[in-house]
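From first to last, the protein sequence lines are chains A and B. Sequential numbering from 4 applies to the first sequence in the working numbering. Sequential numbering from 4 applies to the second sequence in the working numbering. A virtual CB, placed ideally from N, CA and C, is assigned to each residue, including glycine. Just so we're clear, the structure is a prediction, and the values are computed from it rather than from any experiment. Accompanying notes for the structure given below.
Number of protein chains: 2
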Amino acid sequence: MLRLSKLTDYATVILSDMAKGQTQVHSAMEIAAATGIALPTVSKILKLLVNAEVLISTRGAKGGYVLAREPGKISVATVISALEGPIALTECSISQQGCEQASGCDIRGNWNLINQTIHNALESVTLADLIRPTVVPEEVLIPVASLYR
Amino acid sequence: MLRLSKLTDYATVILSDMAKGQTQVHSAMEIAAATGIALPTVSKILKLLVNAEVLISTRGAKGGYVLAREPGKISVATVISALEGPIALTECSISQQGCEQASGCDIRGNWNLINQTIHNALESVTLADLIRPTVVPEEVLIPVASLYR
DNA sequence: TTAAATAGGACTAAAATAGTCCTTAATTGA
DNA sequence: TCAATTAAGGACTATTTTAGTCCTATTTAA
């Protein structure tokens, strides 16, 4: 289904919530309450986002989480790889040594191209875009095909 | 990791093999031998591709599988959805009724936009492109951002 | 010093995926 | 007509991944 994991989905909801809110610092508990996601799960996600430097945390009383930079500078690609690791559709695009199916597999290069395109697409959308009211586009550009012709 | 399932990966290998081969009809056994993928697994994949009308099968002695149309008319998107169902990054983009997180989730529309873009990217690449020698592009176009500005 | 927070990691449960196998149906050719 | 060959369909098992929980340690404000 080529889908994001639930955790990644939650992460976008959490980040949107944080980006929209007036207050700067949000505790894990506040966020759990605001989004309806269970506290331990929220916690887990926030930790991953801190590791990826999407959020900055402060411990102790009055501590919590803050966006590390403006919503417009946090891309969807960053969020996805924070939760799921590198964005790559195929196994062999991640590891350098390729796969065992090496015989007869010269399609790797082309997969890389597709990965790159999708990565760019996700890189170009930011948190700021996500919280913006929905836009219905007239026309959607198709980029990949042009690379081949 | 936003990755394709192994079966989908195999499917592209199998289809590339079929598209490149001289012969028209390939039995499951031939394909298993050519690709190194276990026969029962190959079989499973071929059945799914027949259901999705990517392949046409004939039973009986001298039977086997043939591409349903030219490689240039079989898109990667078609192959992916044959194996994994509809291409959609988020759960709520598939079911119409949305999710329980409905409160505070007005980012759905924007996700749909992203899904659409990725779908288009995958739609624009065909089997013919995959078996073509790798092209290293000068520049990769970024389509999604333009939708927001 | 106490209460409120996060950090880190271990652990369990649930779900999805991969892979196998068996029985039935169709086709060809001897 | 019969035997061999090949796909269809579905059930089943094993494995892996993902989701979710919980515990203990650490940090900070009041």
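Straight through space, the alpha carbons of ARG62/B and THR81/A are spaced by roughly 49 Å. Between the alpha carbons of ARG72/A and ILE117/B lies a gap of roughly 22 Å. Residues of chain B whose Cβ lies closer than 8 Å to the Cβ of ILE117/A are, in chain order, VAL79, ALA124, LEU125 and VAL128. Between ILE121/B and chain A, the shortest Cβ-Cβ separation is below 8 Å.
For ASN54/A, there are no neighbours in chain B by C-beta distance under 7 Å, as the nearest C-beta there is about 16 Å away. The beta carbon of SER127/A lies closer than 8 Å to those of SER78 in the same chain, with the five residues before and after it left out.
Looking at the backbone, the Cα of ARG6/B and that of SER84/B are separated by about 13 Å. Within chain B, not a single residue places a beta-carbon under 9 Å from that of ILE34/A; the smallest gap is close to 11 Å.
Short of 7 Å from the beta carbon of SER8/A, and not among the five residues preceding or following it, lie these beta carbons of its own chain, in chain order: LEU86 and GLU87.
For ILE59/B, the enclosing beta strand (DSSP E) stretches over residues 58 to 61.
Taking C-beta atoms under 8 Å as the contact rule, SER19/A and ILE134/A qualify, at a distance of about 5 Å. In this model, LEU10/A and PRO43/A are separated by some 12 Å (Cα to Cα). For HIS29/A, the pairing in a beta bridge is given by DSSP as TYR68/A. With respect to chain A, the C-beta atom of ILE48/B has no partner C-beta closer than 8 Å. Within 7 Å of the CB of ILE83/B, the CB atoms of chain A belong to LEU5, in sequence order along the chain.
CA-CA distance, LEU125/B to LEU52/A, rounds to 29 Å. Residue nearest to PRO89/A within the set ALA64/A, GLY66/A, ASN123/A and SER60/A is ASN123/A (criterion: CA-CA distance). With contacts defined as CB atoms closer than 8 Å, LEU58/A and ALA31/A fail to qualify as a contacting pair.
Between ASP132/A and THR93/B the beta-carbon gap is near 15 Å, outside 8 Å, which marks them as no contact.
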